[in-house]
């Protein structure tokens, strides 16, 4: 790992720590989340690990006949894209095999509050952050996946179920998308589908 990556990761960790400290002042800590999946981006073979700490910011008035609670959450996110292209495969000469990212992502969530041992939820979020490299290796391409900017947006859409004796666990599926919203060009996106598990405190 080169100095730029180390510096980026260090700054990211410091930023996440500051956000975590600040968030605890005005919000309650909700839990930790782990997601893992595979890239959907064409010509990219990679896994995507996403770790998040989540805070409960606010509850809104219930809608949909009072059955669904609307909540605003905040996530401090670390993500790791890891190329799984084999060494013998035809691939771009340039591009990182590992990219690390740090994001702050507000989440809007709908959760069924009717009494049940298993409760469904859906949620979506849009966050901002940065990644450790602007190029990611691609398969069967001369050029890598070009992000053109370390500044990136994170989009997350998912859903699943809350369960457990105290409704403390979650299991769901989500789609995540990373791009710079054409702040810089070319702007190739990185997309992944993930299985996510969570433990709520």
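Residue numbers (mature numbering (1 follows the signal peptide of the UniProt record, and there is no 0)): -27 to -1, 1 to 174.
Glycine is no exception: its CB is placed at the ideal position from the N, C-alpha and C atoms.
For residue j and residue i, believed in contact at Cβ under 8 angstroms, the rounded distance
i           : j           : result
residue 98  : residue 77  : Actually they are not in contact, since the Cβ atoms of residue 98 and residue 77 sit about 10 angstroms apart, beyond 8 angstroms.
residue 182 : residue 10  : Lying before the first or after the last residue shown, residue 182 is absent from the chain, which here runs from -27 to 174.
residue 50  : residue 12  : In fact, because the Cβ distance is near 17 angstroms, the residues do not count as touching under 8 angstroms.
residue 119 : residue 108 : 6 angstroms
residue 159 : residue 121 : 6 angstroms
residue 80  : residue 48  : 6 angstroms
Unbroken beta strand (DSSP E) run spanning residue i, endpoints
i           : result
residue 167 : 163 to 173
residue 58  : Unbroken run through residue 58: none, as it is neither H nor E.
residue 97  : 92 to 104
residue 33  : Element bounds for residue 33: n/a, residue is neither H nor E.
residue 176 : Residue 176 falls outside the range modelled here, since the chain spans only -27 to 174, and no answer is possible.
residue 83  : 71 to 85
residue 3   : 1 to 12
residue 138 : Neither: residue 138 is in no beta strand (DSSP E) and is coded neither H nor E.
Exposure of residue i, with buried meaning 16 or more beta-carbon neighbours within 10 Å
i           : result
residue -3  : With a pLDDT of 48 at residue -3, under the threshold of 50, the modelled position of that residue is not reliable, and the figure given next carries that caveat. The residue is exposed, with fewer than 16 neighbouring Cβ atoms inside 10 Å.
residue 125 : buried
residue 174 : exposed
residue 87  : exposed
residue 147 : buried
residue 56  : buried
residue 33  : exposed
residue 137 : exposed
residue 60  : exposed
residue 40  : exposed
Close Cβ partners of residue i (< 7 angstroms) along its chain, the five nearest in sequence each way excluded
i           : result
residue 62  : 112
residue 141 : 172, 173
residue 162 : 14, 150, 151, 152
residue 175 : Outside the displayed range of the chain (-27 to 174) lies residue 175, so it cannot be described from this structure.
residue 58  : 18, 64, 110, 112
residue 117 : 65, 67, 68, 108, 109, 110, 111
residue 90  : 136
Own chain, CB closer than 6 angstroms to residue i, minus 5 neighbours either side, in chain order
i           : result
residue 93  : 85, 134
residue 8   : 23, 167, 169
residue 155 : none
residue 145 : 131, 132, 133, 169
residue 4   : 27, 171, 172, 173, 174
residue 44  : 32, 82
residue 100 : 76, 77, 78, 127
Min CB distance residue i to chain B below 8 angstroms
i           : result
residue 152 : In the structure shown, chain B cannot be found, because there is only a single protein chain.
> When the Cβ atoms of the region 53 to 70 are set against those of the region 25 to 32, are three or more pairs found closer than 8 angstroms?
Replying inline: no
> Is it true that the region 128 to 142 meets the region 104 to 116, where meeting means three or more beta-carbon pairs spaced less than 8 angstroms apart?
Replying inline: no
> Does the region 11 to 20 touch the region 108 to 118, meaning 3 or more C-beta pairs lie closer than 8 angstroms?
Replying inline: yes
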